[in-house]
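To get our numbering, take the position in the sequence shown, counting from 1, and add 56.
Every residue, glycine too, gets a C-beta built ideally from N, C-alpha and C.
Report on the structure given below.
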Amino acid sequence: MRILLLGDVVGKPGRRTVVSYLSRVRNSYDFIVANGENAAGGIGITPEIAGLFLDAGVDVITSGNHIWKKDSIVPVLSVENSVVLRPANYPNNKPGTGVVTLESAGVSIQVINLQGKVFTDFIGDCPFKTAERILSSTQADVRIVDFHAEATSEKLALAHYVDGRVNVFVGTHTHVQTADEQVLPGGTAYLTDLGMCGSSKGVIGMEVKSSIGRFLNDRYSKLVVARGGEMINGLSVTLDGNFAVSQLRRVYEYVPAVEERT
């Protein structure tokens, strides 16, 4: 089984690049996960954009701290067995779910979306305790975790905590791909951060000028999505017949974007 995981998709350049890339590689993978929380103008996601990703071949869309930025996505999150996830360790009164189990070629595949607490203002539940609750109360042949977090230490610690109980554990959020892909002692495929899908010409997907303005003026200013040098960041994982990791490869490619319908 081949699984593809794509980093945070940033704005229209990221969306168009993902669609272009998947048109070429979709048939090479059995299951695809993409983090879509920055897909709408660099912050949030809309139902139309979620539909665009699903039509392109994405099976599950994960998210993080920006999932609530577009009100229109709430009904999509609230659908039973929604494949658009918000972090599972958000309070129970929040719409949506952070875990979904699907079937592909007779194999049950579970995707778990969690959010970190270190260096953030997140006030949700402990990601370690939430992961434990999910893993101890559900079953699946293959389990994938997208941990949307800032700190490498928190990501690696949680990965070791669930090592051997999930097949793939990847981090998202920083928009910068790390080069530490590895198989942990218990057999879990790991990468600290997938990176991002979008322009490589800006500051983590945003225009240089607007990004510098925030730091130089020490006040909030609107960020503008960068364009040019579009790239795909992610991780390709191959599992053998026993669902053990047999191959692990970082994806870092520059891809010509295509026009989209949204």
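Using a 10 Å radius around the Cβ and a threshold of 16 neighbouring Cβ atoms, would you call residue i buried or exposed?
| i | result |
| --- | --- |
| residue 178 | buried |
| residue 194 | exposed |
| residue 275 | exposed |
| residue 171 | buried |
| residue 148 | exposed |
| residue 264 | exposed |
| residue 119 | buried |
| residue 297 | exposed |
| residue 318 | Unreliable placement is indicated for residue 318, whose pLDDT of 46 sits below 50; the coordinate value is still reported in the next sentence. The residue in question, residue 318, is exposed, as its Cβ has fewer than 16 Cβ neighbours within 10 Å. |
| residue 100 | buried |
| residue 113 | buried |
According to DSSP, residue i sits in a beta bridge with which residue or residues?
| i | result |
| --- | --- |
| residue 214 | DSSP output for residue 214 lists no bridge partner at all. |
| residue 247 | 226 |
| residue 56 | The requested residue 56 does not occur in the structure, where the chain is confined to residues 57 to 318. |
| residue 290 | 62, 307 |
| residue 178 | Bridge partners of residue 178: none, in fact. |
| residue 166 | 157, 199 |
| residue 236 | In the DSSP output, where bridge partners are listed per residue, residue 236 has none listed. |
| residue 219 | 222 |
| residue 301 | 295 |
| residue 140 | 117 |
| residue 254 | 287 |
| residue 259 | 262 |
| residue 81 | Per DSSP, none; premise fails for residue 81. |
Closest to residue i by C-alpha separation, out of the options, would be which residue?
| i | options | result |
| --- | --- | --- |
| residue 284 | 256, 140, 75, 76 | 256 |
| residue 124 | 57, 152, 253, 110 | 152 |
| residue 79 | 241, 109, 57 | 109 |
| residue 105 | 135, 67, 89, 86 | 67 |
| residue 122 | 292, 97, 165 | 97 |
| residue 184 | 219, 157, 103 | 219 |
| residue 103 | 135, 88, 84 | 135 |
| residue 91 | 259, 167, 174, 217 | 167 |
| residue 252 | 237, 236, 291 | 291 |
| residue 61 | 132, 261, 86 | 86 |
| residue 213 | 173, 101, 260, 288 | 173 |
| residue 302 | 175, 150, 141, 240 | 240 |
| residue 288 | 277, 308, 295 | 308 |
| residue 321 | 76, 175, 57, 211 | The requested residue 321 does not occur in the structure, where the chain is confined to residues 57 to 318. |
Less than 8 Å between the C-beta atoms of residue i and residue j, yes or no?
| i | j | result |
| --- | --- | --- |
| residue 305 | residue 233 | no |
| residue 208 | residue 248 | yes |
| residue 267 | residue 250 | no |
| residue 81 | residue 116 | no |
| residue 197 | residue 163 | yes |
| residue 94 | residue 64 | yes |
| residue 299 | residue 223 | yes |
| residue 144 | residue 155 | yes |
| residue 180 | residue 217 | no |
| residue 281 | residue 69 | yes |
| residue 260 | residue 59 | no |
| residue 229 | residue 206 | yes |
Requested in this report: Go through the segment 85 to 132 residue by residue and report every complete run of the beta strand (DSSP E) that reaches 3 residues or more, in order.
Outcome: The beta strand (DSSP E) runs lying completely inside the segment 85 to 132 and spanning 3 residues or more are 87 to 91, 116 to 118, given in chain order.
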